[in-house]
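According to the numbering used here, the residues represented by the sequence shown are 1 to 489, in order. These notes are about the structure you will find just below.
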Amino acid sequence: MTKEIKEPGWNFDNSYARLPKVFFTAQNPHPVRSPELIILNDPLAASLGLNVEALRSEEGAAVFAGNRIPEGAEPLAQAYAGHQFGHFTMLGDGRAVLLGEQITPSGERFDIQLKGPGRTPYSRGGDGRAALGPMLREYIISEGMHGLGIPTTRSLAVVTTGESVIRETVLPGAILTRVAASHLRVGTFQYAANWGTIEDLRTLADYALKRHFPDVEGDENRYLSLLKEVIKRQAALIAKWQLVGFIHGVMNTDNMTISGETIDYGPCAFMDTYDPATVFSSIDTQGRYAYGNQPIIGGWNLARFAEALLPLLHEDQDKAIEIAEDAISDFTTLFQSNYLAGMRAKLGIFNEETQDVSLIKDLHDMMQKYRADYTNTFRALTFDKPEDTVLFGTPEFTKWNEEWQARLSRQEQSKDSSSELMRNSNPAVIPRNHRVEEALEAAVEQGDYSVMERLLSVLSNPYAHSPEQEEYTALPEPSSCPYRTYCGT
Ligand code: AMP
Ligand code: MG
């Protein structure tokens, strides 16, 4: 009897490849020596209409390694520019190749991209490759973000290549398959504005509208609508980051999507102790991308987006600038209202009172003063179990708690609904740095993936507050040197 061979289910339709040639270069991934599938995201594969069994076969895994081009794929490297730490440069996919766009059974469109497939015309001095540790780190944190309900690119698979990559040391090579609503970035528009014609820019804007904002495509000034929609999505996204203590670490304009998804998990990390000045990235010496600066940088990046769109906003440049500035000025208000709504939920508050702002600020001031853990403070408030920490032992907290309780009793919702709102708004677990490091060490050093799999499992529903999650709420041992992250290059 012949064994039935399942089709993997690739179903590509490559709209980006139909854009003007200035936006990309056709580029196949460079084959690797001996691909081995390390991890496959079964639920994500299924939601994309892919067959897990077929993907796990040798031929299936060869696709994730770039050794086999699936039918219908049209591999390419995208061109883009970007402000990196404030400095504008031409970039492009230097270590990524877009295989194509997968159309899911429900008709949704997702980019399927290999990260680490070898050199492209945009690689500059780089090797186009990636190391196993950083790719697994992206897998863990992006899936953790998804579990937290934060818009993000996803991770479908990681394969090892059987080849080494040379960084400060020799590391095992790997390729991550990234899934995204698209890889359009602020930097893609900056590229079009600087290296393309006005028609290229218009084509790109129309493409972004069709792909992400079809509802406003027919608006009178659709390019202004595009700007406003991206501002809305980014204000919502960055508010969500702030509400879980996520620090992106490298908010360059090439790492800011038009879709409103978090992208590019390089030196990112979650804050333990609450401090707005927290920075993990080793290269961010000025604190440009510190936790407390993220909303400001978001606004700055969106101003660069508006700048790129100027020629489309109005034919008179002065008028165009006026329109752009007006739209950009909404960002702060939009961010604040998203953030406040989220904070109210974290404190079990349903309605709005003006004094909420000071109630929230007072709590943050105390957390900062007494070096309280961000996630665990809200978790303790949720379960009405102020643990034995410095913060909860202070008279300031007692007074604040009384004000908070009085605030809760002024709303019509019951204490129970308030608690439920808090449970759904305050995660039990976040991808804590020491847990992520522990999982990566077991995987990379010992080839033991069980630690990572357990971590991924508790991170998949951080609002479950299950007994298995309890041990993951523990803080790291106090350390004399602060946690540092590095760009995964
Ligand atoms: P990132 O820090 O990942 O956002 O990357 C910034 C830019 O550097 C992008 O254009 C990347 O494609 C490029 N890049 C990063 N690492 C490499 C590498 N190993 N080889 C070639 N290009 C790279
Ligand atoms: Mg990037």
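Here a beta-carbon is modelled for each residue, glycine too, at the ideal position from N, C-alpha and C. It should be emphasised that the depicted structure is a prediction, and the values quoted were computed from it without experimental measurement.
Handout entry: Where K210 falls: helix, strand or coil (DSSP)
Key = helix
Problem - Bridge-paired residues (DSSP) for S164 - result: P172
Problem - Cα-Cα separation between R304 and G298, rounded to whole angstroms - result: 10 Å
Handout entry: Exposure label - P478; buried when at least 16 CB within 10 Å
Key = exposed
Handout entry: Buried/exposed call for I166, threshold 16 Cβ in 10 Å
Key = exposed
Handout entry: Contact test: A269 Cβ vs the ligand AMP heavy atom, cutoff 8 Å
Key = no
Handout entry: Contact the segment 50-57 vs the segment 170-186: 3+ CB pairs below 8 Å
Key = no
Exercise for the section: Look at H183 and T257 and say whether their C-beta atoms are less than 9 Å apart. Expected result: yes
Practice task
Grab me the residues of P295's own chain with a C-beta within less than 6 Å of its C-beta, minus the 5 sequence neighbours each way, in chain order.
Solution key: I238, F335
Practice task
Examine the ligand AMP and report whether any of its heavy atoms sits within less than 8 Å of the Cβ of Y486.
Solution key: no
Practice task
Use the C-beta contact count for I141: other C-beta atoms within 10 angstroms, 16 or more gives buried, fewer gives exposed.
Solution key: buried
Practice task
Taking the CB atoms as reference points, tell me whether L76 and Y139 lie closer together than 9 Å.
Solution key: no
Practice task
Quick one: grab the DSSP three-state call for Q294.
Solution key: helix
Handout entry: Residues near L309 by beta carbon distance below 6 Å, same chain, minus five either side
Key = Y223, L227
Problem - alpha helix (DSSP H) runs contained entirely in the segment 412-452, provided each spans 4 or more residues - result: 415-425, 433-446
Practice task
Measure the C-alpha to C-alpha separation of N11 and E36 and round it to an integer number of angstroms.
Solution key: 23 Å
Exercise for the section: Return yes when at least one heavy atom of the ligand AMP lies under 8 Å from the C-beta of G491, else no. Expected result: The structure shown does not extend to residue 491, since the chain spans only 1 to 489, so no value can be given for it.
Handout entry: Under 9 Å between C-beta atoms of R129 and E163
Key = yes
Handout entry: Same chain only: Cβ atoms within 6 Å of S460, ignoring 5 sequence neighbours per side
Key = G147
Problem - Where I112 falls: helix, strand or coil (DSSP) - result: strand
Handout entry: Heavy atom of the ligand MG within 8 Å of D42 beta-carbon
Key = no
Handout entry: Backbone CA spacing between A324 and I39 [nearest angstrom]
Key = 44 Å
Problem - E71 - DSSP class collapsed to helix/strand/coil - result: coil
Exercise for the section: Examine the ligand AMP and report whether any of its heavy atoms sits within less than 8 Å of the Cβ of D264. Expected result: yes
Exercise for the section: Report the three-state DSSP secondary structure of T382 (helix, strand or coil). Expected result: helix
Practice task
Rounded to whole angstroms, what's the CA-CA distance from A81 to D254? Just pull it up for me.
Solution key: 6 Å
Practice task
Kindly confirm or deny that the segment 439-448 and the segment 394-403 touch, where touching means at least three C-beta pairs closer than 8 Å.
Solution key: no
Exercise for the section: Would you list the one or two residues that DSSP bridges to S155? Expected result: R178
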